[in-house]
Amino acid sequence: MKKRMLSGIKPSGQLHIGNYIGALNNFVKYQEDYEMIVFIANLHCITIYQDPKELQKNLTDAIALYLAVGLDPNKSTIFLQSDVMEHAQLGFILQCNSYLGELNRMTQYKDKVAKGEQNLTVGLYTYPDLMAADILIYGANYVPVGVDQKQHVELARDIAIRMNNKYEKELFVIPAPLIEKVGSKIYSLQDPTSKMSKSDKGEKGLIYLLDDPKKARKKIMGAVTDSINKVQYDPQNQPGISNLLVIAASLSDRSIDEVLEDVQEMQYGQFKGYVADIVVKKLETIQQRYHEIIESGIITKVLTEGAQKASKMANQRLKRVQHAIGLEIEKTND
Ligand code: ATP
Ligand code: LTN
Numbered sequence: 001m002k003k004r005m006l007s008g009i010k011p012s013g014q015l016h017i018g019n020y021i022g023a024l025n026n027f028v029k030y031q032e033d034y035e036m037i038v039f040i041a042n043l044h045c046i047t048i049y050q051d052p053k054e055l056q057k058n059l060t061d062a063i064a065l066y067l068a069v070g071l072d073p074n075k076s077t078i079f080l081q082s083d084v085m086e087h088a089q090l091g092f093i094l095q096c097n098s099y100l101g102e103l104n105r106m107t108q109y110k111d112k113v114a115k116g117e118q119n120l121t122v123g124l125y126t127y128p129d130l131m132a133a134d135i136l137i138y139g140a141n142y143v144p145v146g147v148d149q150k151q152h153v154e155l156a157r158d159i160a161i162r163m164n165n166k167y168e169k170e171l172f173v174i175p176a177p178l179i180e181k182v183g184s185k186i187y188s189l190q191d192p193t194s195k196m197s198k199s200d201k202g203e204k205g206l207i208y209l210l211d212d213p214k215k216a217r218k219k220i221m222g223a224v225t226d227s228i229n230k231v232q233y234d235p236q237n238q239p240g241i242s243n244l245l246v247i248a249a250s251l252s253d254r255s256i257d258e259v260l261e262d263v264q265e266m267q268y269g270q271f272k273g274y275v276a277d278i279v280v281k282k283l284e285t286i287q288q289r290y291h292e293i294i295e296s297g298i299i300t301k302v303l304t305e306g307a308q309k310a311s312k313m314a315n316q317r318l319k320r321v322q323h324a325i326g327l328e329i330e331k332t333n334d
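Numbering (the working numbering), first residue to last: 1 to 334.
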């Protein structure tokens, strides 16, 4: 039997090539060998205020992009998190089986506290428990994520082991994070030591999947490099050049060594042009599919069918958990 794999994307902004390389592109490959469950983590988005209209647009774009990059509803279960109520219900149960000490250590929350950000919501604090519920409710064996999310999968794992010991031996499948080596972290084009992130304020550091290709080319040409003037893979001393190499390799399905064969004699300007060509070609292909999908109106159908399939699985596990922890009253026939 195929192993089950699950992942979610939180489209609290537009998707960028970091999301594509670190997540989406891998899902497309995995759906051939795994029973793939992919969802849009819309509840996770609202841990931070979202303009409702903008959120709706981002959700639609995310689904269309999932399909545009090659996720196939016949092979994968694709749905919207809030369409499957069981996530939030199990999320609360998991909150009652995790500790303040654990959540205090979660970097997303910790970093915001360290920066002195005010008015953080309770949802932001407990969101790793909801993510654990997303994973555990489907009995996922593997969770492909970028390195930044590894900690959350480990929390899911800890909670699963804890509850299996406390309540019932095989209540939950113990999930494992799956981190791709090349491309698991794409860096900002403007600050190649920090992650390419949609929370980035500056637009120049990241390339959106729906960016105008001309604009994307400009961003690559303006990427921060160094003064060493040699194209080689050395993330420590040449983070900018190494990041561009990873982007080129990932988007053209080759290894870094293979790309280096083409580019190691190039000047930086020429090398950037080479990377830009690859990026532009990829964006054009994805965007053409994206427009076809939006116009075809298949999104509603995909989401409705996906949610039906997912609800069935989620409900079974939730019932079992509720029974194991004693929430349900035994019903007699008299
Ligand atoms: P952001 O900081 O952009 O909000 P995120 O991790 O919160 O990032 P998601 O949209 O939830 O964003 O991420 C979806 C997937 O894409 C996750 O598996 C995440 O690890 C991955 N991902 C996000 N940014 C990058 C990146 N720069 N490089 C590689 N993978 C990334
Ligand atoms: N928290 C993740 C998105 C996410 C997810 C999940 C990923 C929500 N639920 C379950 C994998 C499995 C993020 O912010 N990137």
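Quick reminder that beta carbons are idealized off the backbone N, C-alpha and C, glycines included.
(message) Classify residue 1: buried if its beta carbon has 16 or more other beta carbons within 10 angstroms, exposed otherwise.
(response) Stepping through the sequence shown from its first residue, residue 1 is reached at position 1. Result: exposed.
(request) Helix, strand or coil for residue 82, going by three-state DSSP, please let me know. (result) Reading the sequence shown from its first residue, position 82 is the one you call residue 82. Residue 82 falls in the helix class under three-state DSSP.
(request) Count the other CB atoms, across all protein chains shown, that sit within 10 Å of the CB of residue 202; report buried if there are 16 or more and exposed otherwise. (result) In the sequence shown, residue 202 corresponds to position 202, counting from 1. Residue 202 should be labelled exposed.
(message) Whole angstroms are fine: how far does the CA of residue 216 sit from the CA of residue 280?
(response) Locating residue 280 in the sequence shown gives position 280, where the first residue counts as 1. Locating residue 216 in the sequence shown gives position 216, where the first residue counts as 1. Distance between the alpha carbons of residue 280 and residue 216: 7 angstroms.
(message) So, under 8 angstroms CB-CB, residue 71 and residue 31 are touching, yes? Tell me the CB distance rounded to an integer number of Å.
(response) The count along the sequence shown starts at 1 and reaches residue 71 at position 71. The count along the sequence shown starts at 1 and reaches residue 31 at position 31. 7 angstroms between Cβ atoms; contact.
(request) Look at the alpha carbon of residue 78 and the alpha carbon of residue 44, and state the distance between them as a whole number of angstroms. (result) Taking the sequence shown and counting its residues from 1, the one referred to as residue 78 is at position 78. Taking the sequence shown and counting its residues from 1, the one referred to as residue 44 is at position 44. Their Cα atoms are separated by approximately 17 angstroms.
(message) Please list the terminal residues of the continuous beta strand (DSSP E) segment that includes residue 177.
(response) To locate residue 177, count along the sequence shown from 1; it is residue 177. Taken as a continuous stretch (DSSP letters only), the beta strand (DSSP E) holding residue 177 covers 176-178.
(request) Run the proximity test for residue 134: is its beta-carbon closer than 7 angstroms to any non-hydrogen atom belonging to ligand 2? (result) Here residue 134 corresponds to residue number 134 of the sequence shown, with the count starting at 1. In this structure, residue 134 has its beta carbon less than 7 angstroms from a heavy atom of ligand 2.
(message) Measuring alpha carbon to alpha carbon, tell me which residue in 4, 5, 10 and 18 is nearest residue 209.
(response) As a position in the sequence shown, residue 209 is number 209, starting the count at 1. Considering only alpha carbons, the answer is 18.
(message) For a test of the three-state rule: what should DSSP assign to residue 36, helix, strand or coil?
(response) Translated into the one-based positions of the sequence shown, residue 36 becomes position 36. It is a strand residue.
(request) Return the chain-ordered list of same chain residues with a C-beta closer than 7 angstroms to the C-beta of residue 192, the five sequence neighbours on each side being excluded. (result) Locating residue 192 in the sequence shown gives position 192, where the first residue counts as 1. Within the same chain, residue 192 has close Cβ partners 224, 239, 240 and 243.
(message) Does the beta-carbon of residue 31, which I'm using as the reference point, lie nearer than 7 angstroms to any heavy atom of ligand 2?
(response) As a first step, residue 31 must be located in the sequence shown, where it is residue number 31. Not under cutoff, so the answer is no.
(request) Measure the Cβ-Cβ separation of residue 144 and residue 27 and say whether it is below 8 angstroms. (result) One-based indexing of the sequence shown puts residue 144 at position 144. One-based indexing of the sequence shown puts residue 27 at position 27. Contact annotation: residue 144 and residue 27 have beta-carbon atoms nearer than 8 angstroms.
(message) Just to confirm the assignment, what range does the beta strand (DSSP E) spanning residue 143 have?
(response) One-based indexing of the sequence shown puts residue 143 at position 143. 142-144 is the extent of the beta strand (DSSP E) around residue 143.
(request) Figure out for me which residue from 189, 13 and 25 has the closest Cα to the Cα of residue 205. (result) The count along the sequence shown starts at 1 and reaches residue 205 at position 205. Among 189, 13 and 25, the Cα nearest to that of residue 205 belongs to 189.
(request) Decide if the segment 132-142 is in contact with the segment 308-325; the criterion is three or more beta carbon pairs, one per stretch, under 8 angstroms apart. (result) yes
(request) Could you check the C-alpha separation between residue 37 and residue 229 for me, to the nearest Å? (result) What you label residue 37 is simply residue 37 of the sequence shown in a count that begins at 1. What you label residue 229 is simply residue 229 of the sequence shown in a count that begins at 1. Spanning the two alpha carbons is a distance of roughly 44 angstroms.
(request) Using a threshold of 8 angstroms, state whether the C-beta atoms of residue 303 and residue 63 are closer than that. (result) For the purposes of this step, residue 303 is taken as the residue at position 303 of the sequence shown. For the purposes of this step, residue 63 is taken as the residue at position 63 of the sequence shown. For residue 303 and residue 63, yes; Cβs fall inside 8 angstroms.
(request) Return helix, strand or coil for residue 319, following the three-state DSSP convention. (result) For the purposes of this step, residue 319 is taken as the residue at position 319 of the sequence shown. It is helical.
(message) Comparing C-alpha positions only, which one of 96, 331 and 301 sits nearest to residue 67?
(response) As a working mapping, residue 67 is identified with position 67 in the sequence shown. Of 96, 331 and 301, the residue nearest in Cα terms is 301.
(message) Rounding to the nearest angstrom, what Cα-Cα distance links residue 85 and residue 307 in this structure?
(response) Here residue 85 corresponds to residue number 85 of the sequence shown, with the count starting at 1. Here residue 307 corresponds to residue number 307 of the sequence shown, with the count starting at 1. Straight-line spacing of the CA atoms in residue 85 and residue 307 works out to 10 angstroms.
(message) For residue 8, list the residues DSSP reports as bridge partners.
(response) The residue labelled residue 8 in the question sits at position 8 within the sequence shown. Paired residue(s): 39.
(message) Let me check understanding here. Comparing Cα to Cα, which of 5, 34, 49 and 3 lies closest to residue 199?
(response) In the sequence shown, residue 199 corresponds to position 199, counting from 1. For the residues 5, 34, 49 and 3, the minimum Cα distance to residue 199 belongs to 49.
(request) Could you tell me whether the segment 318-334 touches the segment 99-114, using the rule of 3 or more Cβ pairs below 8 angstroms? (result) Too few Cβ pairs lie closer than 8 angstroms, so no.
(request) Reducing DSSP to helix, strand and coil, say where residue 338 ends up. (result) Here the chain covers residues 1 to 334 and nothing more, so residue 338 does not appear.
(message) My assumption, with CB atoms under 8 angstroms, is that residue 124 sits in contact with residue 213. Please give the rounded CB distance.
(response) Start at 1 with the first residue of the sequence shown, and residue 124 comes out as number 124. Start at 1 with the first residue of the sequence shown, and residue 213 comes out as number 213. Not a contact, Cβ separation roughly 35 angstroms.
(message) Applying the 10 Å Cβ sphere with the 16-neighbour rule, what's the burial state of residue 335?
(response) Beyond the ends of the chain as shown, which are 1 and 334, falls residue 335; an answer cannot be given.
(request) For residue 131, verify whether its CB is less than 7 angstroms away from any heavy atom of ligand 2. (result) To locate residue 131, count along the sequence shown from 1; it is residue 131. Residue 131: yes, Cβ under 7 angstroms from ligand 2.
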